[in-house]
Amino acid sequence: MSEYNAEKKRIVGFFGHHGCGKTTLMDDVLVNLGLTDRIGQRHLDKDPVEKEKGATFSNHIFSFDLDDSRLYFFDTPGSLDFIGDIQIALNAVDNVVIVINASAGVEVTTERIWNMARELNKPIVFYVNQMDKEGVNFGNLIQELKESFEDEIRIVPFQIPIGEGPDFKGIINLLSNDVITYEEGTGKSSKQSEIPDNAKDYLERFHSEIIEDIVETNEELMEKYFESGEEGLSQEELISSLHKAYDEDKIIPVLIGSALKNIGFDQLIKALISFGMTPLERKFYTEEGTEISSQEDGQFLGIIVKNEVDPFVGKLTYLRVISGSIKAGSSIYIVEESTREKISHINIPRFDKNEEVEMAGVGDILVIPKLKSSKINQTVSSEETSNRLKLPEFPEPMISKSIAPNSKNEIDKITESLAKIAESDPTFKWEFDSETGETVISGMGTVHLEIMIEKLKKNFGIDFEVGKPKIAYKETIRSKTQAEYKHKKQTGGHGQYGHVKIEIEPLERGKGYEFVDKIVGGVIPKNFIPSVDKGIREAIKKGVLAGFPVVDIRVTLFDGSYHEVDSSDISFQIAARHAFKIAMENDNPVILEPIMHVEIFLPTENTGDVIGEITAKRGRPLGMESAGKGYDKIVAEIPLAEMLDFSPRLSSISSGKGYFTMKFSHYAEVSPDIQNKIIEERKREEELQK
C-alpha cells in the first residue's frame, strides 16, 4: 500500500487562457510550503525556452503533502496551440480547475477547455484569479460565468471577496461564514470575527444561493431545509452533498484569490481536499466499454501521462496508477507495445528533486527513469493483456514547415532530437519526405511550431534553416493510350536490346499502381517481364509535367520483342521507362493535389465570413450545424496548399475564438490555371538548385 490511502489523494489540473496566472499560483504553493521565497518567478517553467518567453509550453507535474493528504498538480499551457498537452492533462486529472483572469473574464481558451472538460464528464472548479486588478467587479463576473456556462449545471459562488481591485484583502467562505484576511505576499491568514462592510452586499446576495443550490441536489437535505431552515443543516451534511453534486457535474463552485498577493489559494486547496473527487471515484473504461474499478488491492493498472528528456538522467516517464500498487524492482507490461520492462526505481514528482519511494498505489503519479518503450496515453499493466483504456484521440497537426540542417554532420543529431521532442509531444510530428527531399515538421499552430523550432535550436544546439514545405502533389492520366519503345544499342561485345508495347489507363482515385502481363506466345520471355514492371515502377517516381510521382494508373504489357543474345534485364527496364514516358506525354496528364477534410468551430456571427474564406481558398463547404452556445460547426473540403495560412486567417476573422481540425481526405485534379502555376514554381525551384 502507498503511504497515503487513495481517499486522501487529489489529482488536480490547472487550465486557463494565457496570462490568467496558473504558473504564478504554483509559486504560491511553493512559497507556502517554504520551498521558495519569491512569487512571480514561474518556478515550474524550467525549460530554457519557457524561461525566456515567460510562458508554459508543456505540462508540469509536481506533488506535495499537506496534513494527511497528498496532492498532485498539473500546470498546463495557456495557448490552444498546445492542445495536445491540455488534452493529456484533462484526461489524466480527476479535478479540473479553470483559472480565470478577473479583469478579462471568459476568454477563448476558457470556453474551449470548458467544452473539452464537459465532454470528458470532469468535475470543474472555477478559480477567479487576479482579484486585485484594477476595475474588477465580482458580481458582474459571476453573472458572465452564469450566462456563458450555466445550463443544466449550476455555477455557485463558494466565496466572496473582502474588497475588490487594489482593496482586495481576503475572502469569506459562504458555507462556514469564515472571514479570512491575509498578510500580503506571505500567504499567512487570520480569521476575523466581524464581516467587513465592503463584503456585506455580496454576502446577502450569494449566501442563501449556495445553500439552496446544494440542497436542491439532495432530496433528503431539501426536506430538512424546508422543515427547519438553514439552522437545521450541519456543515458536514452540506459538504457531503456538495462533494456528491460536484462529482456528478451538478454544481461548479467558484473560488477566488490573487496569485501575486498570495491571497486565497490555500483555501482552494482546502476546498479540493474537502469536496474534491478522489482517485477511487474516477471512472475509466476499456476500448470495449468495460468499466475499470479502481481498487487499492486490485491488479496494477496505469496510464502514461508524460514523457520528458532529462539531460542528466535521460528519458523520464510519468505514470498514473489507476488500480493496484507497484513496487520498485517489479516489471510492467506496456499493452500497446506488447513489451515488458523492468522498473528499477520509482519516484514521486516533487518541485526541486523527485522523491524515490519503494511502493506507490492508486492515485499516485510516478516518475520512472529509462523506460525504452513508452508513449503518452499508453496502458500499463502488471499482467500481459490486450485490454486498452479508452482515451481521447489526439488532434492531427494543423501546420507544417520544412527544415534543413546547415551541415550534413547535423543530420543524425537533428533526427535524434526530433524523435525526442515527438516522444514528449504527440501532436508534434516529423518525417523525411522522400518525394520532396525535405524534413517536414508539423504542429498544431504557428506558435506551437515556433516553440518546437526554438527548442531544437536552444535545447539541442542544432543550426538549421526553416522554410515553407512543398506540397506532395501527384500526377496521373485521364484516358487510355498506348506507346512502344525499342531500346537497341550495339557495343563491342554483347549489345542491348529491349522492345515493349504498353497500354496505360487511369484507375480510381487512391488505387495506386497496377501492372498487368498480357504477353502471349513468348514474344518477351517470362524472366524479362519483372524487368518491365521494375522499369515502370522507376518511371512513375517522376512524372512528365513537374516531376511529381505518378499514381492511379494501370500499365498493361501486351507486346514486344527480344534478342536471344543482346536482351537483358537492364535493356527491358530502359525500354519500359521510355515507353511509359511517351505514353504519359501523349495522354494529356494532370496534377493532383491533396484535399483535406476540415471541421471549423466558430462564433455564429462569423460563419458567413468564414464560408466566404473557404470559397476563396478553392474549398467546398459540405455542411453547417449549430454547435451550441453561439457557435457553429462548418464541414468543408479544402486543398492542403490553401490551408498553410488558414489558422491566422481564421483567428483574424473570429477574433481568436475560432478553431479547426483537419485530416487528409483524398487527391483531386487541380484546375488548368493552378496546374500552370505549380509547373512554373517547380521550374524555378529546379533552376535555383542548379
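For the sequence shown, numbering that gives the first Met the number 0 assigns the number 0 to the initial residue and increments by one for each residue that follows.
For each residue, glycine too, the CB sits at the ideal point set by N, CA and C.
Contact between D27 and I38 holds: their C-beta atoms lie close to 6 Å from each other, under 8 Å.
Close CB contacts of K456 within its chain, under the 8 Å cut and outside five residues either way in sequence, are with D462, F463 (chain order).
Separation of the CB atoms of V554 and I501 is rounded to 6 Å, and the pair is thereby assigned contact status at 8 Å.
Counting C-beta atoms within 10 angstroms of its own C-beta, H493 has fewer than 16 neighbours from the protein chains shown and is therefore classed as exposed. Distance from the CA of M595 to the CA of I99, rounded to the nearest whole angstrom, comes to 35 Å. The C-beta of S653 has 16 or more other C-beta atoms within 10 Å across all chains shown, which makes the residue buried. Assignment of beta-bridge partners to Q495 by DSSP yields K488. Under DSSP, N94 forms a beta bridge with V11. Within a 10 Å sphere around the beta-carbon of G509 sit fewer than 16 other beta-carbons, which makes this residue exposed. DSSP lists P505, Y512 as the bridge partner or partners of I552.
Fully contained in the stretch 149 to 233 are the following alpha helix (DSSP H) runs of length 4 or more, in chain order: 199 to 214, 218 to 227. Of all alpha-carbon atoms in E211, N31, L32, K52, the one lying nearest the alpha-carbon of V446 is that of K52.
For F663, the enclosing beta strand (DSSP E) covers residues 658 to 668. Per DSSP, reduced to three states, the secondary structure at I255 is strand.
Taking 8 Å as the cut-off, the Cβ atoms of I268 and L300 do not count as close. Looking from the CA of E422, the closest CA among Y317, G607, V334, E183 belongs to Y317. With fewer than three CB-CB distances shorter than 8 Å, the stretch 535 to 545 does not count as touching the stretch 592 to 611. Residue state for T378 is assigned as strand, using DSSP reduced to three classes. Between the alpha carbons of L390 and T660 lies a gap of roughly 18 Å. The Cβ atoms of I210 and E230 do not sit closer than 8 Å to each other. I413 and A5 have their alpha carbons spaced roughly 43 Å apart.
Distance from the CA of I573 to the CA of L370, rounded to the nearest whole angstrom, comes to 50 Å. Straight through space, the alpha carbons of D131 and Y666 are spaced by roughly 55 Å.
Judged by beta-carbon spacing, F72 lies beyond the 8 Å limit of F157, meaning their Cβ atoms are not closer than that value. Around the beta carbon of K517, fewer than 16 other beta carbons sit within 10 angstroms, so the residue counts as exposed.
By the CB criterion at 8 Å, P638 and E592 fall inside the cutoff. One thing to note: S293 has its Cβ within 8 Å of the Cβ of V361. Residue range 528 to 538 is occupied by the alpha helix (DSSP H) that includes G534.
Close CB contacts of T185 within its chain, under the 8 Å cut and outside five residues either way in sequence, are with V30, N261 (chain order).
The Cβ atoms of V95 and P122 lie closer than 8 Å to each other.
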